[in-house]
Each structure stands twice: as structure tokens, then as C-alpha cells.
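Protein chains in written order, with the numbering used here: chain L, 1 to 966; chain D, 1001 to 1401.
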Amino acid sequence: MRALLEKVRAEHPDTLDEPRIKGKGKGKETLFRYAGEIIVGEGEIIIGDPRRASGTIKRKPPRDAFYEVKYEYDDNSTGPPPPTAVLITNLSPLTPNQQLRRHFGTFGNIISFEPQIDMETGGALGIVLIKYHSNEEAKRCVERAHGKKLGAGIGPADGGEELKVVFDGEGLKLKAVLKELADRKKREREERRRKEKAAMAPTPAATPKPIPTPLAQTLRPSHQLPPRPAHIPLMNDRSEKSPSDRHPLPSRVKRPPPVSERARAPTNHRFSVFNDLSQHTTPSSSSTPVHSRGRPSHLSHEYGPSPSSHSRSPSPIARRPGHPSGRQQQQKQSASTAVVEALARNGFEHVRVDFSGGTPESVREEDVRYFFRDFKIDMVLRDHGAWYVAFQTSDSARRAGMVLNSGARTLAHHSVTVTVCPPRLQVAVAPTDKTSWTEEEVVNQAEESIVRELKVLLEKDITERVIAVDIRKLVSDEKAKITEMKVKAGVEVVEQKPAEKEKRSLKGLSFRKPNKREREVSTKVVEEDEHVEQEEEEELPPPVEPPKKKRKKDPVTKTRKIVDEDLESEDDDTLVTEVAPEVRKRSVSEDHDEDEKPSKKKLKSDVIIEDERGKRISTKQKSKKAAKSAVHEIALPDMDFDIPETAQILVKSESPPSRSASPVQVSVAPPDDIFQDDEDVYFAKLAFLQADVPPRIPSPVPDSLPAFRKHITGSARTEGYYKISHAEKSAYVAQYALRSTTVESSAPTEPPPPQHVTSSRSNRANARRRAQGLEEINQVQRAVALSKGETAAAELSIKFNQLQTRKKHLRFARSPIHDWGLYAMERIARGEMVIEYVGEIIRAQVADKREKAYERQGIGSSYLFRIDEDLVVDATKKGNLGRLINHSCDPNCTAKIITINGEKKIVIYAKIDIELGDEITYGKFSLRYHPVHFFISPVILDYHFPIEQDKIPCLCGSAKCRGYLN
Amino acid sequence: MPPPPNANGNSSASTLQLSNGLMQKLKPAKIYKGAVEPQPPPTPGSHSRSNAGPRHITAIAFDDRGDQVLTASEDETFRLYSCKTGKHLKTLYSKKYGVDLPRFTHKNTTVVHASTKEDDTIRYHSLHDNKYLQYFKGHKQRVVSLEVSPTDDGFMSGSLDKTVRLWDLRVPTCRGLLNLPSTPIVAYDTTGVVFAVAVNNYSRVLLYDQANFDKAPFLTITLEDPTLALVSYPPRPIYMTSLSFSSNGKYLLVGCSGDAHYILDAFEGHLLAKLEGHVGLERRRLDAPQSIDPVKGSSGEEVSWTPDSKYVVGGSLNGRIAIWDMQNLPTRSGPLDLKVPPTRIQPLANIDGHPGPARCVRFNPRLAMMVTAGAELAFWLPDQSADNEEIAKELLRKKSS
């Protein structure tokens, strides 16, 4: 460089236009070159593409492979959050649910456990969708369980295949798997039919056992049913506890494995014989909807109609002609269905009145009407269990529940429980619903009628048992008899059945299974006696459950409880009819199909006939047995003899009538060992699924709860401070749950026509208060009269009188808007004074200081109410109920500042007519930031919400809600 | 979406080859809504840009290893993100000078960037200690193109003052100066021995030998699109806003502010292809009227090669991301014929992207991820999750066997 510089200097003295060397001093010179000018010693520049000069440039090969990256899920991520659910396939269908649960519970906190069942056969598919609490747990599950076999202790002896565990965050894979299965099955079936048709055509007689009557069909598959119970989704996760190990599946193991191919093969075979049947059944199965989620709704849809048509209303006993209890039951049924219909016609929420000591006959409708005199009653209905009151307006029921549950009033000298029930028609609108509406409605109605009937049944049971309290003792005495009888009965049944078989000239009927079953039963009955005591012990202490469940609305859970218990007893009935469950199932699909294809009526009637036959068998069996134990039957009319009494005894021990008004813990899923075998459990759970749907609307069901916080430290106490969101709270705090309902109900509510209502009650209340206040007013009057003139005293007395006596009967209670709220306990007409806002009157400066102090102390709610520029009412420490009034964007009250004898008072006036039980609200608005309004509006409430901070969400839930307080 | 069961960190990172299927499955994995500070509410006295809409990210740059991406936005901030974890690492402010066209040097903590305020100095900035290391003074007007040599510490800038300056990071004064008749856009070949200068208004692309750029360019390409004459007469001139060589050096991508980009043969200068199917970024918003003369607009960073030269990814004014397949470009030989219309290539995929314009679209040089930016920043990853039905079949196949 230096040399070059020197050279340039020597070559070109600075005489040129543009010096090639700029800058002075050593190392600071810059050598310039213009337009490729060359100097001596430099080579001539040839302009050319340097890339083409061979070998001079080595070009890196372009990158071809890119590294894969994965991002953790955070706020910026798109798409669904990391999956918390895993789909497990390749499970042995024989593995019991509890063991699966236990096994997969070791990976983390299971939120939901959904074993999939075959929609046609009800058999387990060996596919389970497990939702964990967090992604880590799911990941752990996938890492540790994928490709592994279930442990030796788990699952059947053969060990099963290797599990396949994949993430399935949104259940899409499950859906795809089910769809694939359905497709595959359809294909198989078609193929087989084609093949068999080809085979059948030349040699129809070659079929090993051509079965001429449908009855055979219906009976045969019944004992080939796979052990479904282990795979029925449990609605309430109590199965961890349920001691299914005590019956370590002796009955299950004995059962033939649920090889669906084997089960289906003969069936299809027969279908091909009966052309009409095959035509019908095949499309029905292929059109089986594949639902991956929303299992309850699906199940209820699928199996909904079945109980109503078979197992429930035509209960074996009720069918028997001339049976007294059957007739009575029918009457009651008709009464309750009438009630249901009437309530459905009403369309609004209604109220159910339960008497704490059973329903006394002495209560008349007038009493009930009087009890609800403050509300606009549409109709009063009763069935033998309870009274139902429907109202003319949509929110009356809610308000009535609020007011009347306080226990102040008695209905004809009985204390009652008032339960608000959701409107009849809107019940069971399943959120994740995929079937068309018409179908759904049909199913819903069926469901409801079932539930209603079940309630009726149970209530009948209870009343009868009130009379016969010592029935339990009797039962245990009868036990021995029953066991004897059962052995005999078992023999008889065996004898009976072949007889029938011959009568109908059935072929290929194997009674091996039923025989075995009977034997099992008879041996088990002995065991059951021991179990009875155990189970009573188990049931009486509350099962291990999170405590929050107990805080739920008692009446609602109570009704569900009733239903559940009833279902248990009903399930015992199903045991009898279970001889032909295939019939029932087919007819279910028939019913289902009928909605879709009404043209298949003829087929349907066929099947129903089959069903009747199947039923007849069971009733015949029973009549024989019934003859032997007449005493027993009178005591327990709908008890079945085919089964041990465990379930029955459970009912009694759990629901003594005196407890009906007290809170009962939720225990939806009974422990598995109540049931004798898998099928019982299966049907029981089906029934639970249906029974669960209607009561779910009023209160959130445990399994639909959002995931509760898992305490890392193991206890909530040691957890430190953490915030619980409203959504979480609403799961177990009634007032939060109410919020959603108020939002819904408030929207369509129209303002009632303005009318001035003065109830006798309010008059009386006023009179009472007037009398109370008279004394002190007199004193004040006297004092004032002494100090001032007569006129002043008169004026004051009126005003003061007004303020004191015009106060309304109010009550504070938890509010859906904010902590506490004030509720009207009497009707308040528009313009009437509601309450005075009382508190310390302080100067604004003091208020500012205090406000800061309160904030420091953590008093979150502001009770400062500004009277004028320099005075503020502080109701934080001293005050009256007025301080509890909440804000609403659609308030029913306004605050006015009136001057009484020179003193300014804040008085809350009703802006509209306030109905009984309505929460009193007024529109607070922050005027600190609206100085213009300061002098215009008489109300100045100083809610210090700094505008620059986060918006404070308004929770008033009114239709006009602005969303924020500031 | 499920990661493979053995996916534990980056240690066992598998590699992907870009394919049509993969490119079509690109999905935004991260969207940074707050990647640009919103404009402060206008104060009564100041009259701000009217109807400009939200502020944008104007340029993005990857470091050499593709681990980090740096955004420069109209809120006068640099924001550094990790491409590996998808996390925002750092925000640096340059309120005094403004930032545009940040380019990583070969060290992943230093960048050079153009200024938008004060003067048109190019600044050499150290990210880790947030200090300026060097100012490169010389340009008299706004710098519109800035490229770092792929092989050494040299870099090159084109400015509205109609000059191209060549710099060295070690020297504050420019190493070379090229006077041009119009606004130049510059690009280095991947070997660093050749650079291209696009001269707007003349529709010429000049290729220089890095060593002898003060002589005449060794190749002058005229970019003339005969198909434009079919649209309007006289044809709307092409306004070139970006220029980039493909990594294999064969092609030259000319990004324009209009509704088409062009692919040139980098050796012969044939016009090979016209990339269509997007809306040019000549305007700032879709509802803004088009000017009569073509302008730069918000164009400049919206189109780029994938590092394997197989695809071109480009943004659009309507926020979509277009992916053009470059694997079967036509070959032309023989003398240049400006009348031969280019092959029109429609995008392989036109993916829904940003709500506003997609101003910056760049594919990571090493990782299988793409970054796009407009009013928000998005990281795109190929969606690896297999089809649910296929998974189902897979699950059941093993089961039945």
C-alpha cells in the first residue's frame, strides 16, 4: 500500500484535476482510482464475467435440507393449545375400566376418560380417549405408554397387544378412527353378504341352523354380548374407588370374548335369510352416526327411546293385568305426564315444591297459590310427589326461588323446599350435538318422560316405605327364602325355556349361557348377603369427593339422586328382560331409524312383535317366581326376584324420607359391584347417561366443570395467593353460576306494563315501621319544636317520617354481580323510595385520604358516595344496607340527593317497578372523569376508577351492559 | 400437530427438504400481534401521516445461521426474535435515527442499518450492548438498498441520491462509489465476486465484477416485459424495488412494486419468468388509489428466494403469501430477444397470511421456517401433523394385524 502510494505520487504529481491521493499524514491517505484507470505495473483490466472464469470460484452448494423447528406453546402461538388428550388404541376390550383408569392415572390427573363402544353391539372397541389435566401429563403418557404392553396385573392374561398412544387434542383422530372403523365394518358386511348370498342361493338348506322365528335371533346374541360395562364412560369419576377388584371378573372371564366377527357372522347369516330384515338392518347400522365427543348426548340419542318403549314404562309388574300397584302406577304416570305437558306448554322456568316430610295430602291448591301469592302464577300442578308452579313471566320462578327459600313462609304449616327447574322444552339441548333437530327433540321428550316416570316410581317407593319402615328387616329375613326360591326358580326357568323353545319350534337356541347365569346368580346370592352390609357401610359415609360438590344446589342434586336410585332399581328389572337385550337394542335402532325412514313401518312392527314375545318369556318366568313369594312382592312391588337385593337395600339406606330436604351428596355412578355382572352395569350406565341430562341444566355437573387448580404443594392452604377466575368459580359457587342464567333470562324480558301495585304485605310492613319509628320521630319533633318554630317542626316531621318509614323491606344476599347485593323482599312501585344511603358524612379531602387508606388495607369495594363538591358519604365502616346495592348498566333504581332540613341525603328511588326478589341496582358512574356531568346530574358517585388502568369489567349481565364500569 | 415421541429439544433435530407439499402446508405457528408499537394518538398540533393505517415492520433480516431474526419497524425499534424457540429476545430503540434495512454482518450480534431520521448515514450497531460501533457517512439521501457481502466484511448500499457505495465494515469511508442515472437497487451474488445493480426508470440491471466495478458492467440486462403492453398502452413501467440472486447463482429475482416479479437468467440476461398472482405493494393499503407513476411504495422486502433456490416466497398487499415453484424454469439460450414474453407463473400456493399487507417475507437460511411481517410478525412452520384419517388408518392397521 505504502509502495503503491509512493508509486502513484511519483507517476502523477498533483497537477491532475482530481488528486488520486487524498488526505495527509502517514496512514491517512486515501488512494483513489477512477473508472478503472490503471497505473504502471498494474495489469490491464479486462471486463468480463468473473463467474465464468473457470475454477476461480467455488460456489457452496445451496442448502437443501432445513432443520425442523418446534415452538413451545405460548400467547403468540396459533392454533389449538398443546394437546392434553391422548387416544389409546389396541387395548384389549376385556380390560376393565377401573384398571385402565388406574394405569393411565399414574401419568397424571385424568380429567375425562372416555372408552369408546361399538355403536351397534355396544361392545368395547378397545379405544379410549383420556383427557389429562396438562400437556405434560399427556406427553408423559404418550412417552411411557406408547408401544408398551399393559402391565401383567392389568388386562387379561394374554397381555394384549402393544398399546398405541397418540395425542388427540381435539378428538379429531378419534373421530377419524371411528369413522374408519364404521367404514371398514360396512365394507366387511357388504362383502360378507355378497359372499353369503352367493353361497346361499344354491344350497339354502345347507345352513347349519336356519332359524325360522325372530325370537331366536333376539335371544341368541344376548349372551354373546361383550363385557361392555368396563368401557362405558363414567359420568362421575368414582370408579377409582369402586372396589371392582373384589369381583376380579370371574363372570367376565367366563364370558366368551367379544369377538365381534364371530357374533356378527351368524347374525348376518340370518339376515340374508330374512331379506326384509337384512335390508333394514344394514342401512341402519351403516348410518350409525359417529360421534367422537359429547358422548352423553350421543348416547342419549342412541339409546334414548329404548327405555321408554321397553324397560321403563312397561315394567314387568305394571304389565301384569290387574296388579294393584301397576294400576296405581299407571295413574300416577298419567298424572305426571300431564304435569310435564302442562309445564312444557308454559315454556318458562317453573318451581317445584318439595315438602320436607313427604307430601301431605292435606295441602290444597289454594294453599300453594297463597304461598306464591306475590308472583304471577300461571298454573299450579301436582303429581303425587311434589307440587309444580308455573309462572306467567320468565324470571318469576327464579325470583320465587330466591324469596321463598329463605324459609320465612310456610305452606300450610309445612316447611318446603322450592326448587327452580329449567323450562321443560329447552331441557337437554346438548351443546355438541350433531343430529338434526327434529330427532333431538324426539329424543329429548322421550328422555324427559322417562325421567319423570322414574321420579314417580321412586316417590311411590318412598311413600310406601314410609309406611313400612321396618321393611329392611323384613327383607333380610326374606333373604333365606329368596335364595331357596331362586335355586328353584333357576331350575324352573331352565325347564320352562326348552318348553317354549319347542312351542315355537326354535332351532339353534342354546341355553348354555342363561343356565350358567342362573347358576352364577344363585351362588352369588349367598355372597350378596354379606355384601349388603358392606355396601351399606360404604355408601353411608360420603364417598371420596371434592368438597365443592357438596356446596351445590341441594334440591337439584336431590332430584337427580332420586332418579339415579330409581334407575338402580330399574336396572334390576332390566336383568329380567335382559334375556332379550338384542331385541331391545334392535328396536332402539328401529326407533332411531323410524325417524329417518318412516317407510319402514312394517318392519318395525315386526320387531316389536318379537320384542313382545321376548317380554312374555320374562314375565312368565316371573309369574312363576312371584307365586312363591307373595309376601315379598307386596312389600316391594317392583322388586325383581331374579336378582339379589343389593340395589334395593342401597336405595333404602340412602334415602330415608326424612332426608329428602337435606343436602345429599352427589353420587351418580354407583360402585360397580352393586351390579351382578357386566351387562347390568352397562344398562345402568346407559340409564345414568340419560338420567343425567335433564338435571344438568340448572347446575353444572361435576364432569363439565373446568379443570380445578391442581395444588402443587398438595394443599390449598400452603399454595399461597392465587386468583380463581370467574369461570372456575362459577363451577361451584351458586351465585356465579346464577350469573349466566340471569344474563339469559334478562335478555327477552320485557318491561311489564306499568301498574301501581300496593300489596297488603307492603302496607302492613309500612304500618309496622311507622309504629316503630313513631316514638323517636316524636322525640325529634319535640326537640325541634322547642328549638325552632312550630312550622319548621311540622315540615321536618313529614320529611323525616318519610325517610324512615318509607324504607322498604330488603334483604341482602350473595349477588351474581358482585359479592353481596340487595334484594327486594316486597314489591316496590316505580318512584317509591327504596332506601337511604347512609354513612359518615366527610369532607372530600378526608374522603381522598380514606380512600387511599382503604386501598392500602385491601378494602376492594368502594363505598364512597359523593353528595356535592365537598361532601362525601362514606359507608365503608358505618352505614346501612344501602351500601350493598350493586351497579348495573340497566339499573332499576336511581339515586337522588335530597335536602332535608338543610342536610343533604342520598336516597335511592325505584326507577321502575321492582318485583319481589329482584336485585336492587343503580347506575353508578364515575364522575371524577366526567366533570361536565358534575353539576348537571344530581347523582355524583365517586367511584375512583383511574381511566388509564385496566378496564373494570361490569358483571351486571343486563342486556344494555356497557361491559365496563369505567 | 403432535411432536414425534422422541422429540426432546433441538439435539435430535431432523431435517426437512422443501417440497411442494411441504410448502403448501406452511402454517403460521406464531403471530406476534404486538410486534410494532401502535402509533400514539395524534396530538392536535402535529399533523401526522393521514390514512397510513397501523405502523408496519419495514424490514427483516436473519443472521447467518438463521437462529435469530431482526425486525425493523416504523416505531423506530429493532426487535430480535429467536427462530429456534419462537421467543422475543430483545427490543432495542433507535428513536434518534430510526431504523430501516437492518442486515446482520457475519457476526450474529452486529448489524448495519440505514437511518430514516437525522441523516442518511449507515450505522453499524452492536446488538448485545446496544451501541453503535461505526457510522458510515456518505449518502446524501435515503438509503433504499443495503446488502452485506456473503463472503467478507464488505457491504453495499444504494440510495435515492443515485449512487451506490461500497463499504467495508472496518473503514468509515466508502471503498467505492458508483454514480448512476437513477435510484439503484443492489444485490450480491452468493459468491460475492459479482454484484448487480438495478437502475429504475431505465429498466436496466447492471452486473459488475466486484473487483473492477469502476469499469463498465460486464453485463447489462434490459428488463422489458412485452406482456405489460397487453394490459395498457403505453405499458406501465416496471419499478424495481428488490434484487436477489438465487443461491445457486443461476437466476436473478427482480422484485417490483407492481403486480409481478421477474426471474432473469443471471448469466445471459434472458427474461425467464413472470411471477403473478399477488397484489403489488406499490400502495400502502388496498383501498388507496394507485399513483400514475410507479413508486416504491411499501415494496422492497416482500419477495425472496428460499435458500435452496427451489421456491420464491412473496407477500401481497392483501396479506396473502404466495409461493412460486422455481424448480422447472424454462431455459433460454441464444441471443437476447426482448420481444419473447416470459413464462407466467402462478403461485403454487397462496396462503392466507396477514390482515394487512405482507411487507416482508423471508425464508430462514437454515431452519425450515419462514418469517413474514406487516403490521404484525408471523413465524411459519410446515404443518407436520399427518392427516387424521391417515393416522386412524395407521392405528387400526396395526391393530388388526
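Ideal Cβ placement from N, Cα and C applies to all residues, glycine included. All of these numbers come straight from a predicted model, not from anything done at the bench.
Cβ shell of residue i (< 7 Å), same chain only, five flanking positions each side left out
{"i": "N135 of chain L", "result": "P82, P83 and T84"}
{"i": "F372 of chain L", "result": "V389 and A400"}
{"i": "Y1202 of chain D", "result": "P1181 and S1182"}
{"i": "P891 of chain L", "result": "K911, T921, Y922 and G923"}
{"i": "T1220 of chain D", "result": "R1204 and L1206"}
{"i": "D1161 of chain D", "result": "H1139, K1140 and Q1141"}
{"i": "L1022 of chain D", "result": "L1016 and P1382"}
Same chain, Cβ closer than 6 Å to residue i, neighbours up to 5 away in sequence not counted
{"i": "L1381 of chain D", "result": "A1029 and M1369"}
{"i": "K1033 of chain D", "result": "E1376"}
{"i": "N886 of chain L", "result": "S815, I817, H818, G821 and T921"}
{"i": "F113 of chain L", "result": "R101 and I130"}
Interface partners of residue i on chain L, CB under 7 Å
{"i": "A1216 of chain D", "result": "I47"}
{"i": "Y1135 of chain D", "result": "Residues of chain L passing the Cβ test: none, with the nearest at roughly 17 Å."}
{"i": "F1031 of chain D", "result": "It is Ile, not Phe, that sits at residue 1031 of chain D in the sequence shown. Correct list: N76 and T78."}
{"i": "V1194 of chain D", "result": "P50 and R51"}
Check whether residue i and residue j have beta carbons under 8 Å apart
{"i": "D118 of chain L", "j": "L125 of chain L", "result": "yes"}
{"i": "G1314 of chain D", "j": "V1303 of chain D", "result": "yes"}
{"i": "L1297 of chain D", "j": "L1281 of chain D", "result": "The sequence given here has Gly at residue 1297 of chain D, not Leu. Cβ distance < 8 Å, so G1297 of chain D and L1281 of chain D count as in contact."}
{"i": "L1127 of chain D", "j": "L1092 of chain D", "result": "yes"}
{"i": "Y1262 of chain D", "j": "D1225 of chain D", "result": "yes"}
{"i": "H1278 of chain D", "j": "D1265 of chain D", "result": "no"}
Three-state secondary structure assigned by DSSP to residue i
{"i": "F375 of chain L", "result": "coil"}
{"i": "M825 of chain L", "result": "coil"}
{"i": "V1036 of chain D", "result": "coil"}
{"i": "L884 of chain L", "result": "helix"}
{"i": "A1196 of chain D", "result": "strand"}
{"i": "Y854 of chain L", "result": "helix"}
{"i": "R194 of chain L", "result": "helix"}
{"i": "Y1233 of chain D", "result": "coil"}
{"i": "G1021 of chain D", "result": "helix"}
{"i": "I947 of chain L", "result": "The predicted position of I947 of chain L is uncertain, since its pLDDT is 44 and thus under 50; no value can be drawn from it."}
{"i": "G1314 of chain D", "result": "strand"}
{"i": "R1204 of chain D", "result": "strand"}
Within chain L, the residues that residue i reaches when beta carbons sit closer than 8 Å
{"i": "P1028 of chain D", "result": "T78"}
Contacts that residue i makes with chain D (C-beta to C-beta distance below 8 Å)
{"i": "R9 of chain L", "result": "Near R9 of chain L there are no residues of chain D at all, since even the closest Cβ is about 20 Å away, more than 8 Å."}
{"i": "L172 of chain L", "result": "N1388"}
Within chain D, partners of residue i - CB distance below 7 Å
{"i": "Y67 of chain L", "result": "A1013, T1015, R1366, L1367 and A1368"}
{"i": "R59 of chain L", "result": "T1190, T1191 and G1249"}
{"i": "R33 of chain L", "result": "D1214"}
{"i": "V177 of chain L", "result": "A1392, L1395 and L1396"}
Per-residue contacts from residue i into chain D (C-beta, under 9 Å)
{"i": "L100 of chain L", "result": "In chain order: nothing, as chain D lies at least about 16 Å away."}
{"i": "T95 of chain L", "result": "Those do not exist, as T95 of chain L stays about 14 Å from chain D at its closest Cβ, beyond 9 Å."}
Proximal chain L residues relative to residue i, where beta-carbon distance stays under 9 Å
{"i": "G1086 of chain D", "result": "V69, K70, Y71, E72, D74, N76 and S77"}
{"i": "I1323 of chain D", "result": "Here the premise fails: no neighbours, minimum Cβ distance about 15 Å."}
Close-in-space but distant-in-sequence residues of the same chain around residue i (CB under 8 Å, 5 per side omitted)
{"i": "P1330 of chain D", "result": "L1272, A1273 and T1343"}
{"i": "S1247 of chain D", "result": "T1190, W1305, P1307, D1308 and S1309"}
Check each residue of the stretch 1357-1373 of chain D: if its Cβ is closer than 8 Å to any Cβ of chain L, include it; give the result in chain order. N1364, P1365, R1366, L1367, A1368 and M1369
Residues within the stretch 1290-1312 of chain D neighbouring chain L, beta-carbon criterion of under 8 Å: P1307, D1308 and S1309
Got a sec: which bits of the stretch 124-148 of chain L sit with their beta carbon under 9 Å from any beta carbon on chain D, in order along the chain? G126, I127, K139, V142, E143, H146 and G147
Near-chain D residues of the stretch 78-93 of chain L (beta-carbon distance less than 9 Å), N- to C-terminal order: T78, G79, P80, P82, P83, L87, T89 and N90
Below 8 Å between beta carbons is the criterion; list the residues of the stretch 1314-1348 of chain D that meet it against any residue of chain L, in chain order. none
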